[in-house]
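Enquirer: Quick one: structure below, then a few questions.
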Amino acid sequence: MIQHLPPQEQAWLARFFARPNELNWSSLLDGSAPLREADQVRQWLSLLGSRAAPLILPFMRGGGVTGWYATTQGAAGGYELGDEINAWLGPTWLSRFERVPKDSNDSMATALRDRFGGTVYRIAGADDAAMQTITARLSDFASVLERRPLATRTRVRPVGAIRSDFERALLAGDETQAEAMIAEFKQTGRLNEENLRYLEVRLSAGLGLWPQIARDHWLIKTLADLALPPQILADLIESLYRTYVEEAEVLGDGTAMRDAFAQHIGIPYPKLFASRRGIRAPRVVKAFALYEHLQPDPDPSIIEALFRLLPTGTDTSLFEVAPAPQLVPSSAATLEQADEAFDDGQFDRRLNFTCG
């Protein structure tokens with residue numbers, strides 16, 4: 306059977322079954338490979354082309370199998386595969402169960418990822434007895450997959466479950482899995498264009514690609530007109546702050562910091578600062594303090610209130626407003642300032658004048 310696989314499949318299999326893997330692809334083709342290991346490979350390769358089934362292939366060293374590599378036949382389903390491996394084997398038999406990082410130089414994992422684009426796991430047992438049990442249970446797993454009926458239609462998962470897997474992928478820095486979750490979101494047909502843009506922002510922010518967000522002027526300009534979820538608002542402001550302001554702050558150059566903020570953030574995107582929405586992320590809080598500096602009559606009490614949200618010990622000297630003469634504003638002046646803030650869309654600032 307494996308001799309008749311198409312060239313596309315034989316190419317990656319020749320990469321996988323090559324040194325340091327002592328189970329060689331040519332030996333599998335000519336029948337000289339150890340019988341038990343060859344049967345394992347044939348059993349799993351019989352599932353090749355069935356996108357609903359994973360692939361789990363052995364790695365040999367020192368004359369015996371020392372572990373296996375598992376992957377999905379596509380970008381989606383990585384977490385589900387991990388759950389299935391745990392269900393079949395779990396900590397009782399596994400001494401090693403890990404996801405192979407994308408930047409790993411593991412040639413077997415690279416061969417699988419290049420072919421299928423999904424998550425790759427490495428698994429192994431603690432001793433010979435565990436390895437024999439794992440071999441038997443993986444054979445049972447493959448047999449179950451062979452008998453599993455083909456799905457007549459794709460099951461659409463709840464949006465909340467997809468979102469949870471998306472956030473988990475971001476926490477793990479797994480770009481491939483996160484992009485697969487976005488693709489699954491799109492397939493549900495339940496999200497509009499705005500929601501999909503939010504996901505793209507979350508993806509870039511979660512992977513630390515801050516300049517990619519900050520330098521997309523039209524994206525930020527478009528999103529600033531919307532009632533943004535707090536997380537997306539935080540991602541946008543943090544990306545701008547990290548990209549344009551933070552270097553001057555680190556250097557202790559208050560003038561350069563305020564100039565950079567005004568040029569790249571405050572003046573181009575004032576609508577981002579209509580309301581802080583309860584966000585307490587330090588860079589966002591500092592950005593709101595700098596935005597107050599841009600006002601014709603900066604209010605020290607607003608800036609002081611923002612300072613109280615920062616972690617204890619934060620140096621705020623660069624953000625402080627020079628003390629002004631202590632004049633008691635008339636109620637008419639305060640109401641006028643509140644009206645101006647409302648007209649400018651600065652809703653937090655208006656509340657400070659009317660409720661302060």
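Quick note: to get our numbering, add 305 to the position in the sequence shown (first position is 1). Glycine included, each C-beta is placed from N, C-alpha and C at the ideal position.
#1: Is G336 near G379, with beta carbons less than 8 Å apart?
#2: Leaving out five residues before and five after A416 in sequence, what residues of the same chain have Cβ atoms less than 6 Å from its Cβ?
#3: State the CB to CB distance for the pair L615 and G559, rounded to an integer number of angstroms; the pair is presumed to be in contact (CB under 8 Å).
#4: Could you tell me the distance, in whole angstroms, from the CA atom of E597 to the CA atom of L538?
#5: CB-CB under 6 Å to A519, same chain, minus the five flanking residues each way: which ones, in chain order?
#6: Between which two residues does the alpha helix (DSSP H) holding A610 run?
#7: For I467 and E489, what's the separation of their Cα atoms in angstroms?
#8: Would the region 553 to 567 and the region 521 to 532 be scored as touching if the rule is three or more Cβ pairs under 8 Å?
#9: Can you tell me which of the three DSSP states L512 falls into?
#10: Considering T662, what are the terminal residues of the beta strand (DSSP E) in which it resides?
#11: Hey, out of P575, R404, R442, whose CA is closest to G478's CA?
#12: To test your reading of the DSSP string, which unbroken alpha helix (DSSP H) runs of 4 or more residues are found completely within the region 545 to 579?
#13: Within the continuous beta strand (DSSP E) that includes A429, where are the two ends?
#14: Hey, L508 and A483 are a contact pair by Cβ (cut 8 Å); roughly how many whole angstroms apart?
#15: Considering only residues of the same chain and omitting the five flanking positions on each side of V464, which have a CB-CB separation below 8 Å?
#16: Run through DSSP, which three-state label would I525 get?
#17: Would you check if there are 3 or more beta carbon pairs closer than 8 Å linking the region 426 to 442 to the region 367 to 378?
#18: Report the rounded CA-to-CA distance for D540 versus N391, giving the unit in angstroms.
#19: Is the CB-CB distance between I608 and L577 below 8 Å?
#20: Which partner residues does R366 have in the DSSP bridge list?
#21: Taking S351 as the reference, which of D602, A594, R452, G618 has the closest Cα?
#22: Should W523 go down as buried or exposed, given a rule of 16 or more other Cβ atoms within 10 Å for buried?
#23: Run the CB neighbour count on P363, radius 10 Å, all protein chains shown included, and call it buried at 16 or more, exposed below.
#24: Write down the C-beta distance between E314 and L328 rounded to the nearest angstrom, noting that I regard them as a contact closer than 8 Å.
Expert: Inspection of the coordinates gives the following:
#1: Along the sequence shown, read from residue 1 onward, the residue named residue 336 stands at position 31. Along the sequence shown, read from residue 1 onward, the residue named residue 379 stands at position 74. Not closer than 8 Å, so no.
#2: If you number the sequence shown from 1, residue 416 lands on position 111. These residues qualify, in order along the chain: W317, R320, F321.
#3: Mapped onto the sequence shown, residue 615 falls at position 310. Mapped onto the sequence shown, residue 559 falls at position 254. In fact, because the Cβ distance is near 16 Å, the residues do not count as touching under 8 Å.
#4: For this step, residue 597 is matched to residue 292 along the sequence shown. For this step, residue 538 is matched to residue 233 along the sequence shown. Their Cα atoms are separated by approximately 17 Å.
#5: The residue labelled residue 519 in the question sits at position 214 within the sequence shown. S544, L545, T548, listed in sequence order.
#6: Translated into positions along the sequence shown, residue 610 becomes position 305. Here the alpha helix (DSSP H) through A610 covers 605 to 612.
#7: The count along the sequence shown starts at 1 and reaches residue 467 at position 162. The count along the sequence shown starts at 1 and reaches residue 489 at position 184. The straight-line gap from Cα to Cα measures roughly 7 Å.
#8: no
#9: As a first step, residue 512 is located in the sequence shown; it is residue number 207 there, counting from the start. Coil, per DSSP.
#10: Outside the displayed range of the chain (306 to 661) lies residue 662, so it cannot be described from this structure.
#11: Position 173 of the sequence shown, counted from the start, is the residue given in the question as residue 478. Residue R404 is the option with its Cα nearest to G478.
#12: DSSP runs (the alpha helix (DSSP H)) wholly in the region 545 to 579: 551 to 556, 559 to 566.
#13: Counting from one through the sequence shown, the residue named residue 429 turns up at place 124. 425 to 430 is the extent of the beta strand (DSSP E) around A429.
#14: The sequence position of residue 508 within the sequence shown is 203, counting from 1. The sequence position of residue 483 within the sequence shown is 178, counting from 1. Rounded, the Cβ-Cβ distance is 5 Å, consistent with contact.
#15: Within the sequence shown, residue 464 is the residue found at index 159, counting from 1. Same-chain partners within the cutoff: F490, T493, R495, L496.
#16: One-based indexing of the sequence shown puts residue 525 at position 220. Helix at I525.
#17: yes
#18: Position 235 of the sequence shown holds residue 540. Position 86 of the sequence shown holds residue 391. Looking at the two C-alpha atoms, the distance is approximately 35 Å.
#19: What you label residue 608 is simply residue 303 of the sequence shown in a count that begins at 1. What you label residue 577 is simply residue 272 of the sequence shown in a count that begins at 1. Taking 8 Å as the cut-off, the Cβ atoms of I608 and L577 do not count as close.
#20: Position 61 of the sequence shown, counted from the start, is the residue given in the question as residue 366. In the DSSP output, where bridge partners are listed per residue, R366 has G369.
#21: Within the sequence shown, the letter at position 46 stands for residue 351. Closest option to S351, judged by alpha-carbon separation, among D602, A594, R452, G618: R452.
#22: Position 218 of the sequence shown, counted from the start, is the residue given in the question as residue 523. It is exposed - the Cβ of W523 has fewer than 16 other Cβ atoms within 10 Å.
#23: Position 58 of the sequence shown holds residue 363. That one is buried.
#24: Looking up residue 314 in the sequence shown gives position 9. Looking up residue 328 in the sequence shown gives position 23. Incorrect: roughly 17 Å between the Cβ atoms, too far for contact.
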